[in-house]
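Each remark here refers to the structure printed beneath this line.
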Amino acid sequence: MLRKMAGSVKYPLCLEIGCGRGIGAEVIVRQFGAEKVIATDVDPDQIERAKILLKPEYRERIEFKAADTMSLDEPDEKFDAVFSFGVIHHTEDWRKAIKEISRVLKHGGELFFEEPLRAFMDNLLVRAFTRHPEGGRFDYEEFEDELLKNNIRITCIKRLGNIAIFGTGKKLKPSQ
């Protein structure tokens, strides 16, 4: 679904936040034409697991790094695309994560995201069986507003009511 929302055919340099076991990084190479993916996760154990599980054909194109999405050790405007496969809501301060994503995303670059929304996260069953930081809860309007504050305009969105969102955003030039 996210591939169909893409504004480009290829994304040479990509960042994946919260890569876990590394499956998403492989998807980014295969589906989005990434020449290089830097895949990050706050958990060093996940990074080690991802390195072990990485298929040999992707070793030259995927680099794994331990990093916190709220404080990325990457230069400004480095990436053609940033991917969050259900990760932003896991951060302690989702607004800080958005600001950092925007900082490392090139002008004209795209953010790909899929996220559960506050109404889903606050569901009694979800709360009973999962743990998520309180600072990672937002509704669609808050998410869209924060992206705009950080110069990212949603270009394509699929909303599942107030349960989840899937979409893309494009980083605008400061004057846009």
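Just so we're aligned: 1335 in the numbering used here is position 109 of the sequence shown, and the numbers increase by one with no gaps anywhere. Cβ coordinates follow ideal geometry from the N, Cα and C atoms, glycine included. Small disclaimer: the values here were computed from a predicted structure and weren't measured.
Could you tell me which of the options sits nearest to residue i, measuring between CA atoms?
{"i": "PHE1392", "options": "PRO1400, LEU1398, CYS1382 and LYS1399", "result": "CYS1382"}
{"i": "ASP1302", "options": "ARG1247, LYS1399, LYS1384 and VAL1330", "result": "VAL1330"}
{"i": "ASP1306", "options": "ILE1327, SER1297 and TYR1366", "result": "ILE1327"}
{"i": "GLY1335", "options": "ILE1254, PRO1270 and LEU1398", "result": "LEU1398"}
{"i": "SER1234", "options": "ILE1249, ALA1251, GLN1257 and GLY1250", "result": "GLN1257"}
{"i": "GLY1298", "options": "LEU1279, ILE1278, MET1231 and LYS1322", "result": "For clarity, residue 1298 is Leu in the given sequence; the question names Gly instead. Nearest option by C-alpha distance: LYS1322."}
{"i": "THR1295", "options": "GLU1274, PRO1400, ASP1269 and LEU1374", "result": "ASP1269"}
{"i": "ILE1249", "options": "LEU1280, ASN1376 and ASP1371", "result": "LEU1280"}
Taking the alpha-carbon positions, what's the residue i to residue j distance?
{"i": "LYS1332", "j": "GLU1242", "result": "14 Å"}
{"i": "HIS1315", "j": "GLU1283", "result": "31 Å"}
{"i": "LEU1386", "j": "GLU1368", "result": "16 Å"}
{"i": "ASP1319", "j": "THR1266", "result": "17 Å"}
{"i": "ILE1380", "j": "LYS1325", "result": "15 Å"}
{"i": "LEU1373", "j": "ILE1273", "result": "28 Å"}
{"i": "LYS1375", "j": "TYR1366", "result": "14 Å"}
{"i": "THR1317", "j": "ALA1232", "result": "25 Å"}
{"i": "LYS1384", "j": "ILE1378", "result": "17 Å"}
{"i": "ASP1371", "j": "LYS1230", "result": "24 Å"}
Is the beta carbon of residue j closer than 8 Å to that of residue i?
{"i": "CYS1245", "j": "ALA1292", "result": "no"}
{"i": "ARG1287", "j": "VAL1263", "result": "yes"}
{"i": "PHE1412", "j": "ILE1254", "result": "Any property of residue 1412 remains undetermined from this structure, which presents the chain solely from 1227 to 1402."}
How close, in whole Å, do the beta carbons of residue i and residue j come, if the pair is a contact with beta carbons under 8 Å?
{"i": "LEU1239", "j": "LYS1304", "result": "7 Å"}
{"i": "GLU1340", "j": "PHE1364", "result": "About 14 Å separates the two Cβ atoms, so there is no contact after all."}
{"i": "GLY1395", "j": "LEU1343", "result": "Incorrect: roughly 16 Å between the Cβ atoms, too far for contact."}
{"i": "ALA1260", "j": "TYR1237", "result": "5 Å"}
At a cut-off of 7 Å, would you count residue i as near the ligand MG, judging by its Cβ distance to the nearest heavy atom?
{"i": "ASP1267", "result": "With respect to the ligand MG, the structure offers nothing, as it holds no ligand at all."}
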